[in-house]
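The sequence shown begins at 6 in this note's numbering and counts up one residue at a time. All C-beta atoms, glycine included, are put in the ideal place defined by N, C-alpha and C. Read through the structure below, which is laid out as structure tokens, and then see the notes.
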Amino acid sequence: MKITQEYLIQSLELEPLLGEGGLYRNTYRSKAVVRDLKTGQERPAGTCIYYLLTRENFSHLHSLKGDEIYHFYLGDPVELLVLEPKGRQEIITLGQNLKEKMQVQYLVRAHAYQGLRLKPGGSFALLGTTMTPGYDQRDYTLGERDFLLKQWPAFEKEIKALTGPLIY
6 MKITQEYLIQ
16 SLELEPLLGE
26 GGLYRNTYRS
36 KAVVRDLKTG
46 QERPAGTCIY
56 YLLTRENFSH
66 LHSLKGDEIY
76 HFYLGDPVEL
86 LVLEPKGRQE
96 IITLGQNLKE
106 KMQVQYLVRA
116 HAYQGLRLKP
126 GGSFALLGTT
136 MTPGYDQRDY
146 TLGERDFLLK
156 QWPAFEKEIK
166 ALTGPLIY
């Protein structure tokens, strides 16, 4: 049986990831909690999700207060744009072709802006992410196009592709 995006959506019970784009499902949320030293607010110690990109959607540029590790499971290669405020700015390819230097796992550090889309010609990609501390909506910042273009003009094409209307 050929795996299709429709099969993945149904079998993994994926739903739209509101505020970012793409489809997802939470698969793990730690019962252990950590406390934010600045705010005193509690977060789960870790979380995991499935995340599906299709040719119809993308992951809008955003920033998180915690580290996020991407895991590539199957499908077509994905471009991951990473823009660190005081560090690396690069485009990583997530995929299965290790001979082409694609990554099957990649760490995006806390506070970096990140966004994903399929490489041209792709149909879908199934990924997972693991976060420590775990995901909390209060830690999510949607990237604003004008701000990002001012900070990283060398990535104008990519920033324009990964901002704008949210698509699920």
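Membership of residue 132 in the beta strand (DSSP E) is indicated by the continuous run 129 to 137. Taking a contact to require three or more Cβ pairs closer than 8 Å, the segment 31 to 43 and the segment 107 to 119 do not qualify as touching. The three-state secondary structure of residue 108, taken from DSSP, is strand.
C-alpha of residue 117 to C-alpha of residue 35: approximately 23 Å in a straight line.
Residue state for residue 46 is assigned as coil, using DSSP reduced to three classes. Nearest to residue 50 by C-alpha distance, out of 150, 137, 145, 158, is 137. For the segment 16 to 95, the continuous beta strand (DSSP E) assignments of 3+ residues that do not extend past its boundaries occur at 28 to 34, 38 to 40, 47 to 49, 52 to 59, 64 to 69, 72 to 80, 83 to 88, in sequence order.
In this chain, residue 123 is not harboured by any alpha helix (DSSP H); it is covered by the beta strand (DSSP E) spanning 118 to 123. The Cβ neighbour count for residue 159, taken over all protein chains shown within 10 Å, is under 16; the residue is labelled exposed.
Spatial neighbours of residue 18 in its own chain (CB-CB distance under 8 Å, excluding positions within 5 residues in sequence) are listed in chain order as 30. If you ignore the 5 residues before and after residue 149, its C-beta comes within less than 8 Å of the C-beta of 168, all in its own chain and listed in chain order.
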